[in-house]
Amino acid sequence: MAQREWVEKDFYKVLGVSSDASTEEIKRVAKKLLAENHPDRKPGDAAADEKYKEVGEARDVLVDPAKRKEYDETRRLFAGGGFGRRYAPGDGGFGGGFSGYGTDGEVNLGDLFGAAGQTGGANIGDLFGGLFGRGAQQPRPSRPRRGNDLETETELSFLEATKGVAMPLRLTSPAPCTNCHGSGARPGTSPRVCANCNGAGVISRNQGAFGFSEPCTECRGTGSIIDEPCDECHGEGKITRTRTINVRIPPGVEDGQRIRLAGQGEAGLRGAPSGDLYVTVHVRPDKVFGRDGDDLTVSVPVSFHELALGTTLSVPTLEGKVGVRVPKGTSDGRILRVRGRGVPKRNGGHGDLLVTVKVAVPPNLEGEAAEALEAYAKAERASGFDPRAGWSGNV
Ligand SMILES: [Zn+2]
Ligand SMILES: [Zn+2]
């Protein structure tokens, strides 16, 4: 009996025993049922005749431990969703080309899997519809192999990173062959469907109740044969070359950030889609500016009197200079915020400019300035100002 019938037949139910019944019990029950329904005993009884055959089938399989094991395994895989779990696409052991068992070609995969899908918990139609729905005979176009993603790095100046930049990037990688436009076939010819695998790229191998697939050796899994390979790429459809692509680095990228450029990666085999290009950005530090997220930071040296008396500073930004008002009595190290003059944000707008004022002390004060400052010191003491008043370091 063909194994595929096992999927539809419940031998335990036929005998009326549990699935863990012992061989002795099965033999005993089968013997009794066979005797009851024997044609000699019930001549002309069609139902009894059918039952007699069914019991015979069931007994033959179940009393043979090896057959019974195989039967149980087959039923377990098809029923209750076990099939879907064990052979879910992409789990590695399943090459994407699962095919029917039986070399005689009489197995109707559509029926078989349709029935299993209804009885089992898993929706096999969903999982394998694309493969089984069309049956085993029809050629299936091989799935194009997408090109690999590529990684590269680039160094940007601080200003390029913050403002964004369009730049050429040199890449050495497989790219679509320009001679054959990626088909791999000499211009004027075209690849033909592989006769060995019917274009599927895989051939099935029988193992127990199931067929497993392995890549077709004739076409190396591509599903097509190139009789006259392209002279440039020797049939690969891609060729390693150095190309320069123009890359648009968006404004506001930070040091170490990875940017994805869709479709700029390695060319796919024989015209399949290209992979993506990932560019890791290194940003050179700037002498003037720093960054705190979207905020642009800058430190401005000032004189003591500028903080004490107040002033307006001319501060550089990404776009020209801006006048920053320093109020009278500003402390050293204070951060002044200028709204909207920072780093461009991804969703529009800008961060802020953060200006830190830092007192520069004259290293060698002499003459008039020194005298004036000494006079000031006297006046400061007289005014009652004590820089360490209220300081927690006082003891
Ligand atoms: Zn070519
Ligand atoms: Zn093939």
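So the sequence shown is numbered by the working numbering: it starts at 230 and just counts up by one. Beta carbons: idealized from backbone N, C-alpha and C, even for Gly.
Apart from the 5 residues on each side of it in sequence, THR381 sits with its Cβ closer than 8 Å to the Cβ of LEU398, LEU400, LEU506, TYR507, VAL508, THR509 in its chain, given in chain order. Exposed is the label assigned to LEU594, since fewer than 16 other Cβ atoms lie within 10 Å of its Cβ. For the pair THR473 and THR541, the Cα-to-Cα distance works out to about 48 Å.
The closest heavy atom of ligand 1 lies 8 Å or more from the beta carbon of ILE454. When C-alpha distances from VAL555 are compared across ALA611, GLU535, GLY571, the shortest belongs to GLU535.
Burial of TRP235 is indicated by the presence of at least 16 other C-beta atoms within 10 angstroms of its C-beta. Nearest neighbour of THR526 by Cα position, chosen from PHE533, VAL476, VAL567, ALA601, turns out to be VAL567. With a threshold of 16 other beta carbon atoms within 10 Å, HIS463 falls short and is exposed.
Distances taken from the Cβ of GLY430 to the heavy atoms of ligand 2 include one shorter than 8 Å. Taken atom to atom, the span from the alpha-carbon of ARG449 to that of ILE455 is near 11 Å. DSSP lists SER543 as the beta-bridge partner residues of GLY552.
CA-to-CA, the gap between SER248 and GLU457 works out to about 59 Å.
Look at the beta carbons and you see the region 381-394 touching the region 569-577: at least three pairs across the two are nearer than 8 Å. The three-state secondary structure of ASP515, taken from DSSP, is coil. Going by C-alpha positions, GLY245 is about 10 Å away from VAL284. For the region 418-506, the continuous beta strand (DSSP E) assignments of 3+ residues that do not extend past its boundaries occur at 431-436, 439-444, 467-478, 487-490, in sequence order. By the criterion of a C-beta distance shorter than 8 Å, VAL544 is surrounded in its chain by VAL527, VAL529, LYS550, VAL551, GLY552, VAL553, VAL567, LEU582, VAL584, once the five residues flanking it on both sides are discounted. The Cβ neighbour count for SER433, taken over all protein chains shown within 10 Å, is at least 16; the residue is labelled buried.
Beta bridge pairing from DSSP links LYS587 with PRO530. Cβ atoms of GLU384 and ARG513 come within 8 Å of each other, at about 6 Å. Sixteen is the threshold: since fewer than 16 other Cβ atoms of the shown chains lie within 10 Å of the Cβ of GLU279, the residue is exposed. Shown here, PRO294 sits in a helix according to DSSP, grouped into three states. For ARG617, there is no enclosing alpha helix (DSSP H), as DSSP marks it with neither H nor E. For GLU457, the distance from the CB to the nearest heavy atom of ligand 1 is not below 8 Å. For ALA589, same chain residues with a beta-carbon under 6 Å away, outside a window of 5 residues either side, are PRO530 in chain order.
Under DSSP, ARG399 forms a beta bridge with THR473. Per DSSP, the continuous beta strand (DSSP E) segment holding LEU565 begins and ends at 564-567. Listed in chain order, the non-local C-beta contacts of ARG617 below 7 Å within the same chain comprise ASN623, local neighbours out to five positions each way being set aside. At least one heavy atom of ligand 1 lies less than 8 Å from the C-beta of CYS406.
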